[in-house]
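Note that the protein sequences, when read in sequence, are chains C and S. Heads up: the first sequence begins at 1 in full-length UniProt numbering, then just goes up one per residue. Heads up: the second sequence begins at 1 in full-length UniProt numbering, then just goes up one per residue. Beta carbons: idealized from backbone N, C-alpha and C, even for Gly. The model shown is predicted, which means the values in this text are computed figures rather than measured ones.
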Amino acid sequence: MAFNFNWSPLIADTSRARDMLTSALNKSPKPPIIVDDIIVTELNLGSTPPELEILEIGDLAEDRFRGIFKLAYSGDAFLTLKTRVQANPLNTHLSTKPSFASPQPLAAGSGLTIPLQITLSDFRMSGFVILVFSKQKGITLVFRNDPLESLKVSSTFDSIPFVRDYLQKVIEEQLRVLFMEDLPAIVHRLSLRLFSSEYSDMETEEVDGQRNDDSTIPVDPLASPPQDPTDAFGFPLDDDQFSLDPSAELHASFSQKNLLRLAALTDSHRTLSLFTPSIRDTVFRAWAGPSDRADQFGQHPSFAAASLSRMNSALGIHSDVSTVSGSGESDASSSRPTLSSFSSYYGSNGGRNRARPKKRRVVDLRRPKDESKVPDAAPLPDAVQPPARVPATIQEREVDLPSPTTTPTTYPRLTGQQPSQTTSSAISSINLTSSTAESPSSSKSSAESAPPPYHLHESLPTRVGKEKPNDLTRHNLNSIPMFRNYSFEKPGSPLSAHGRTSSFTNLYCHHHPQQYWASGHAGTSYFESTGSILEQAWMRKMATEIASRVAGEKAAREKLGGVVKGIVSSPGAAPPLADAPPAYGS
Amino acid sequence: MLGFMDYIQHAFHLASQWNSDNSYSSLTASARDILDFDIPRGLRFSVSSLSSPNFANSYTFGTSGVVDGSLSYLYSSLPLQVASRSKHIDLTELIRGYRHVLELRRPDNPWWWETWHRGKRVDRLATLLYGRLYVPASRLEALYLRRISPTRQVHLSCVSDERLQNGGTILALLQDDRAKSSTEYLFSTDSALLGVRGLYNFGPDPRSSTFPPNLLSRFSVGGELYYGLLNASGGCSTGLRFTTLPAHAGFPYTMTLTLNPLMGNLSSTYSVKAGRNLSMCSRFDFNFYSYESDFVVGWEVWRRRARPMESASDRLAEDVLSKPVPTLRDKEDDVEGVLKARIDQNWRIGLLWEGRIKELLVTLGASIDLRNRDQIARSVGLEIQYSS
């Protein structure tokens, strides 16, 4: 396999790139020292091409490509800018300050504008580039980190060191913005003009009205994913395009028309309308059973919007954690810097994702596993595994996410009992819980006999204390999200009261709207006795997993003996965790 | 037109016998008032009152795209006996035009200010406190003025705004006015700016006993020097002014010349009060480093209420008998309004009308750009003040 990058045609004509650079440079607010437009007079890409090292190729076909490169450049490109600057430092200083407390000099602040020519050369760049190309979407090029290492700024003021240093600083700042924000947008629009006929039609229409509509296009490629052709019509974008997940490419084949029809279809599904728009080469399929429905449930934006956002933010926390822990490790993770932090990024702004038509990331991670567990719902003790003390993977923690349904009853009971009985009792308590969902009064006594619910937290410092010192931070971090999931059982939070009645429906009716997804589960288990097999199996599985973890912690605590007990019982060990606020405050 | 609070501050200066014109920073005050008048933007309405001689408050409400406002309070330890109703305020006090430079006043002896009661000094130093809060921008402005001696004044102004660097800035000024000369020392927390300003008036010293009463003109020179400690940058300028005094027989005029040697900026102004109702001013800027130049001309026309009919003989008698020795308060309380206009070499025109309509003080302004054909009127604004 070989790639052939042809550098020379890029050198030939730079006039268009020059214009775009000019408009990009003048778009962002300029520092007060620059009093005129910045005009790019010369742009030469040089004869030395950048060095590209392929780190990863996620997708490769004739019409699409996605990959991660390591870019290193030390060529002879240069760029000449022309502008006018304010040479009086007092003038620029005063222009940004409120007049009320300004010294108001009589004439010392009078301006002196000087034409300035700046040449930027000796670019030294290195960074990770994510390149996504597809015929429909054009080229999306994103710098993973700040690629600019150094450059040389030579200007009219090289003889004055103060001005030279200032210019160097200001220009480097502006260039970093350019590389991180403006350049991806420029490349994308250029490529769209080349490849996408749909876009070029659109653009030619726009050209009649207005040539430069730069301001309407968002320039931050990370805050808003790079535009695809549907963007101008206000359709939401899929954020999966950086994930290197090949199945995400499905969306790329959706054309404008089909998207409109799909939107009409989902609209009609939301209502009682029987209207079905005709979509070519499409098989319409109804939901087969509760599992399908549940699957759909998670994906449907209107039902699950709130829960998705919550899940996303949780995901964001997790993957943040994993990034941090990854940095604690050595090269293995640093050579692949992208994926985890991407998910963290998109996860962290769940509000934005709300309108996305599809949430593959959240739902697909867990469901297949869940369904595979459905047949063997009975042999639960088999599922008890040795306590997995490896750094908890994302998946493991995700499994915990919907599980707060089980925690209020299981944990208090578990911690109060002998380790040998832990698992079975946990299962029985789970069974109990699911049955109490139907008859809350019967379980009241057992729930009330439970010890105070924050026993769970005591196990966390134990585990931390057991670990090797260098693992300590990682596990601390790992334990925090899990802890957050459970933290609402703190006494004093409104849910502790519900823990006593141990009624699921109560729990989630009173809980935050973010728990919608989980409440959907609880609701089905409560109201539909038919569909509850799946749910019970699900909960059993959760129970075993939680039980196994708690058992492991218990065992570890037993091993450590009195020392650890001292730590556990000492008031200083638990409070930092116990005082942590609930992750999702109401 | 001055805002109500600025008017009250001016009244405080008058009451505490502080000559704010005798300072290098007001060397070009006449030209600034005729040429660089502020043109209001949008609609602005303010209600103010001097509720007691020591306390004033003002509320401003405005809209220029977004709705904003401010509320301000002022406390003065000196009781201020000025007209505060917008119907009665003398417009010549409120509207700044050609600035008559008054004769220098001999500073008080310090012991004149002392008040003794049963062997104890009971006098207090005159103090002014002023605060203004802008909403919704959450900017707070505060001013502290104190006359610490007959020749000195401390001026402390602060702005608190989270958008500023370090969350705010403080400017401290120590002003020393000894009539013959005046100096100001300033320090600003913004980049630790230090500054000195000084002004020297040639001619006889008003503190000496041989000070002649009716001088015709005055010649002053001054300079300023700034240095920012943190950003290691500075600035300086020097200037001179020749102005006629009220005793001058012809029309009053003022000439100034300022020079910024570092930036090569030379600026000269000539303002003249051509008649009772007309003042003109021109300013020419030239930079001998970049050869850039700028030229602005401005006028102000005062419109007065028609006087009751006078007999021809009265007028004749007035013309013949009374020599034109204009005193400042010479029948100027019947002003209806002032029209100000300026135009510069780029055909940018500024127009402003300030006046009184019934009980309201109205400022109406527009700036016009004749070069830019598709958007000639750049901004239009209306400001209405009411005070009681």
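Task: Exposure label - Ala37/C; buried when at least 16 CB within 10 Å - done: On the first sequence, position 37 is the one that residue 37/C refers to. In the sequence under discussion, the amino acid at residue 37/C is Asp, which differs from the Ala named in the question. Counting Cβ neighbours within 10 Å, Asp37/C comes out exposed, since fewer than 16 surround it.
- [ ] Could you have a look at Asp13/C and say whether DSSP puts it in helix, strand or coil?
- [x] Walking along the first sequence from the start, residue 13/C turns up at place 13. Note: Asp13/C maps to coil in three-state DSSP.
Open item on the list: Quick check: what's the CA-CA separation for Ala232/S versus Leu94/C?
Closed with: Taking the first residue of the second sequence as 1, we reach residue 232/S at position 232. Taking the first residue of the first sequence as 1, we reach residue 94/C at position 94. Each residue's alpha carbon lies about 15 angstroms from the other.
- [ ] Mind listing the chain S neighbours of Ser15/C? Cutoff is C-beta to C-beta under 9 angstroms, in chain order.
- [x] The residue you call residue 15/C lines up with position 15 of the first sequence. None at all; the shortest Cβ gap to chain S is about 28 angstroms.
Task: C-beta neighbour in chain C for Glu336/S, strict 8 angstroms - done: Numbered from 1 along the second sequence, position 336 holds the residue referred to as residue 336/S. No, Glu336/S does not count as interfacial toward chain C.
TODO: Consult DSSP for Thr156/C and reduce its assignment to one of helix, strand or coil.
DONE: One-based indexing of the first sequence puts residue 156/C at position 156. Note: Thr156/C maps to coil in three-state DSSP.
Open item on the list: For the beta strand (DSSP E) containing Pro115/C, name the first residue and the last one.
Closed with: Taking the first sequence and counting its residues from 1, one reaches residue 115/C at position 115. It spans Thr113 to Ser134 - the beta strand (DSSP E) in which Pro115/C sits, taken as one unbroken run.
Task: N- and C-terminal bounds of the alpha helix (DSSP H) containing Phe162/C - done: Position 162 of the first sequence, counted from the first residue, corresponds to residue 162/C. Taken as a continuous stretch (DSSP letters only), the alpha helix (DSSP H) holding Phe162/C covers Pro161 to Val177.
Task: Residue environment, Leu175/C, which counts as buried when at least 16 other CB atoms sit within 10 Å - done: Numbered from its first residue, the first sequence carries residue 175/C at position 175. With 16 or more Cβ atoms within 10 Å of its Cβ, Leu175/C is classed as buried.
TODO: Please say whether Ile34/S and Ser271/S have beta carbons closer to each other than 8 angstroms?
DONE: On the second sequence, residue 271/S is found 271 positions in, with the first residue counted as 1. On the second sequence, residue 34/S is found 34 positions in, with the first residue counted as 1. Going by C-beta atoms, Ser271/S is nearer than 8 angstroms to Ile34/S.
TODO: For Val380/S, name the three-state secondary structure that DSSP assigns.
DONE: Counting from 1 along the second sequence, the entry for residue 380/S is found at position 380. Of the three classes helix, strand and coil, the one that applies to Val380/S here is strand, per DSSP.
TODO: Kindly indicate which residue of Leu229/S, Ser181/S, Ser191/S and Phe187/S has the alpha-carbon position closest to the one of Pro206/S.
DONE: To locate residue 206/S, count along the second sequence from 1; it is residue 206. It is Ser181/S whose Cα lies nearest to the Cα of Pro206/S.
TODO: Using a cut-off of 7 angstroms between C-beta atoms, extract the partners of Gln104/C located in chain S.
DONE: To locate residue 104/C, count along the first sequence from 1; it is residue 104. Ser25, listed in chain order.
- [ ] Determine the closest residue to Gly75/C out of Val85/C, Glu62/C and Glu51/C, with distance taken between C-alpha atoms.
- [x] Your numbering for residue 75/C matches position 75 in the first sequence. Comparing Cα-Cα distances from Gly75/C to each of Val85/C, Glu62/C and Glu51/C, the minimum goes to Glu51/C.
- [ ] Give the straight-line distance between the Cα atoms of Ser220/S and Pro98/C, rounded to the nearest whole angstrom.
- [x] Here residue 220/S refers to the residue found at position 220 when the second sequence is read from its first residue. Here residue 98/C refers to the residue found at position 98 when the first sequence is read from its first residue. Approximately 30 angstroms, taken between the alpha carbons.
TODO: For Gln296/C, name the three-state secondary structure that DSSP assigns.
DONE: Translated into positions along the first sequence, residue 296/C becomes position 296. Unreliable placement is indicated for Gln296/C, whose pLDDT of 45 sits below 50; the coordinate value is still reported in the next sentence. Helix, per DSSP.
Task: Contact set for residue 389/S: own chain, Cβ-Cβ below 8 angstroms, skip 5 residues either direction - done: The question about residue 389/S has no answer here: the residues shown for chain S are numbered 1 through 388.
Task: Sequence-distant residues of its chain with Cβ nearer than 7 angstroms to Ala15/S (five each side left out) - done: Taking the second sequence and counting its residues from 1, one reaches residue 15/S at position 15. Excluding residues within five positions, the ones whose Cβ falls inside 7 angstroms are Leu78 and Leu80.
Open item on the list: Applying the 10 Å Cβ sphere with the 16-neighbour rule, what's the burial state of His117/S?
Closed with: Counting from 1 along the second sequence, the entry for residue 117/S is found at position 117. So His117/S ends up on the exposed side.
- [ ] Use the C-beta contact count for Trp18/S: other C-beta atoms within 10 angstroms, 16 or more gives buried, fewer gives exposed.
- [x] Translated into positions along the second sequence, residue 18/S becomes position 18. Buried, because 16 or more other Cβ atoms sit within 10 Å of the Cβ of Trp18/S.
TODO: Taking Tyr226/S as part of the beta strand (DSSP E), name the residues at either end of that continuous run.
DONE: Taking the first residue of the second sequence as 1, we reach residue 226/S at position 226. Unbroken beta strand (DSSP E) run through Tyr226/S: Ser217 to Gly228.
Open item on the list: Given this structure, state the Cα-to-Cα distance separating Thr256/S from Thr63/S, to the nearest angstrom.
Closed with: Translated into positions along the second sequence, residue 256/S becomes position 256. Translated into positions along the second sequence, residue 63/S becomes position 63. Approximately 38 angstroms, taken between the alpha carbons.
TODO: Please confirm whether Gly298/S and Arg348/S have their CB atoms less than 8 angstroms apart.
DONE: The residue given as residue 298/S occupies position 298 in the second sequence. The residue given as residue 348/S occupies position 348 in the second sequence. No, the Cβ-Cβ distance between Gly298/S and Arg348/S is not below 8 angstroms.
TODO: Grab the span of the alpha helix (DSSP H) containing Phe4/S for me, first residue to last.
DONE: Mapped onto the second sequence, residue 4/S falls at position 4. Here the alpha helix (DSSP H) through Phe4/S covers Phe4 to Ala15.
Open item on the list: Looking at Ser51/S: is its Cβ nearer than 8 angstroms to the Cβ of Arg132/S?
Closed with: Indexing the second sequence from 1 puts residue 51/S at position 51. Indexing the second sequence from 1 puts residue 132/S at position 132. Their beta carbons are not under 8 angstroms apart, which means Ser51/S does not touch Arg132/S by this criterion.
- [ ] Classify Asp19/C as helix, strand or coil using the three-state DSSP reduction.
- [x] In the first sequence, the residue the question calls residue 19/C occupies position 19. Helix.
Task: Which of helix, strand or coil DSSP assigns to Leu108/C - done: Reading the first sequence from its first residue, position 108 is the one you call residue 108/C. Reading off the sequence shown, one finds Ala at residue 108/C, where the question assumed Leu. Looking at Ala108/C - three-state DSSP - the assignment turns out to be coil, as it is neither helix nor strand.
Open item on the list: Against Glu224/S, what residues of chain C qualify as contacts under a CB-to-CB distance less than 7 angstroms, listed in chain order?
Closed with: For the purposes of this step, residue 224/S is identified with residue 224 of the second sequence, where counting begins at 1. Residues of chain C passing the Cβ test: Pro105, Leu106 and Ala108.
TODO: Would you decide whether Leu60/C is buried or exposed? Buried here means 16 or more other CB atoms lie within 10 Å of its CB.
DONE: As a working mapping, residue 60/C is identified with position 60 in the first sequence. Exposed, because fewer than 16 other Cβ atoms sit within 10 Å of the Cβ of Leu60/C.
Open item on the list: Going by beta-carbon coordinates alone, are Ala179/S and Gly228/S separated by less than 8 angstroms?
Closed with: Locating residue 179/S in the second sequence gives position 179, where the first residue counts as 1. Locating residue 228/S in the second sequence gives position 228, where the first residue counts as 1. Against a cut-off of 8 angstroms, the Cβ pair of Gly228/S and Ala179/S comes out as no contact.
Task: 8 angstroms Cβ cutoff met for residue 591/C and Leu81/C - done: It is not possible to answer for residue 591/C, since the shown part of chain C is limited to 1 through 586.
Open item on the list: Going by DSSP in three states, Gln375/S sits in which element: helix, strand or coil?
Closed with: Position 375 of the second sequence, counted from the start, is the residue given in the question as residue 375/S. The answer is helix: DSSP assigns Gln375/S an H, G or I state.
Task: Nonlocal neighbours in the same chain, by C-beta distance under 7 angstroms from Ile376/S, ignoring five residues either side - done: Taking the second sequence and counting its residues from 1, one reaches residue 376/S at position 376. Result list for Ile376/S: Ile368, Asp369 and Leu370, in chain order.
- [ ] Indicate whether at least one CB of chain S lies closer than 8 angstroms to the CB of Asn212/C.
- [x] Along the first sequence, one-based indexing puts residue 212/C at 212. Because Asn212/C sits at a pLDDT of 43, beneath the cut-off of 50, its placement in the model cannot be relied upon, and the point is left open.
Task: The alpha helix (DSSP H) enclosing Lys257/C, as first and last residue numbers - done: Within the first sequence, residue 257/C is the residue found at index 257, counting from 1. Run containing Lys257/C: Gln256 to Arg270, per the alpha helix (DSSP H) assignment.
- [ ] Leaving aside the five residues before and after Ala87/C along the sequence, list all residues of the same chain whose C-beta is less than 6 angstroms from its C-beta, in chain order.
- [x] Along the first sequence, one-based indexing puts residue 87/C at 87. Here the set comprises Leu112 and Ile114.
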